[in-house]
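The structure under discussion appears below in the form of structure tokens.
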Amino acid sequence: MKFRIFLAGLLLFLAAIPALANEPDYLAMMAHDSEIKAIATISKLRRVSGTRNGTFTHVSFKRVYALTPYTPKVFVGACKILNYAWQKRSEGIIYLKPKVGQKVYVTVSSDGGAITSFTLLTPELNYAVRKDPARVEYTHGKAVLLPSFE
């Protein structure tokens with residue numbers, strides 16, 4: 747009897763292992779498929795609506811360097827921002843902190859669509875985007891650099 751209980755417990759434990767695996771990073775997949783991938787400067791923030799789980803904001807960007815073809819000189823991306831103390835972070839939502847004048851590497855699903863990744867520009871990221879874009883990878887709404895094999 748004890749052996750059966752042990753086997754049943756072991757079976758339940760083994761069945762739960764796949765559930766422990768990380769879920770796919772859907773935002774990274776969306777960033778890879780985005781129509782707009784660019785180095786840009788934030789030119790304007792426009793508050794669209796505010797709720798208890800953040801402020802929906804349109805961010806206007808001025809293109810500095812485009813990684814994808816047909817990227818407009820000025821484009822807009824939408825995101826959530828926490829502006830007020832009464833707003834609470836919701837699980838599964840990535841909140842950004844854009845500021846006018848920031849130079850960023852950004853991916854946007856399409857002009858006027860969702861911002862799928864948003865990363866402050868560093869000299870290393872600037873170089874990689876311009877010279878070796880295959881090193882740029884996306885994770886949880888940010889661009890990261892893969893190691894260089896040079």
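Going by the working numbering, the first residue of the sequence shown is number 747, and it counts up by one from there.
The C-beta atom is built at its ideal place from N, Cα and C for all residues, glycine as well.
Measure the alpha-carbon distance for residue 840 versus residue 873 and round it to whole angstroms. 26 Å
Assuming contact is defined by CB atoms lying nearer than 7 Å, are residue 853 and residue 780 in contact in what I supplied? yes
Quick check: the Cα distance between residue 833 and residue 845, rounded to an integer number of angstroms? Whole-angstrom Cα-Cα distance: 19 Å.
In whole angstroms, give me the CA-to-CA distance for residue 883 and residue 875. 10 Å
Let me confirm a value: residue 893 is counted as buried when at least 16 other C-beta atoms fall within 10 Å, else exposed. Which label applies? exposed
Strand pairing of residue 840, partner residues [DSSP]: Partner(s): none; residue 840 has no beta bridge.
With a threshold of 6 Å on Cβ separation, who are the neighbours of residue 792 within its own chain once the five nearest residues in sequence on each side are excluded? 804
Is the beta carbon of residue 868 less than 7 Å from the beta carbon of residue 773? no
Look at the Cβ atom of residue 879, then the Cβ atom of residue 813, and state whether they are nearer than 7 Å. yes
Check this for me: beta carbons of residue 811 and residue 785, under 7 Å apart or not? yes
Any idea if residue 851 is buried or exposed, counting beta-carbon neighbours within 10 angstroms, 16 or more meaning buried? buried
Buried or exposed: where does residue 838 fall if 16 or more other Cβ atoms within 10 Å of its Cβ makes it buried? Counting Cβ neighbours within 10 Å, residue 838 comes out exposed, since fewer than 16 surround it.
If I follow the unbroken alpha helix (DSSP H) through residue 804, where does it start and stop? Careful: residue 804 lies outside any alpha helix (DSSP H), inside the beta strand (DSSP E) at 800-812.
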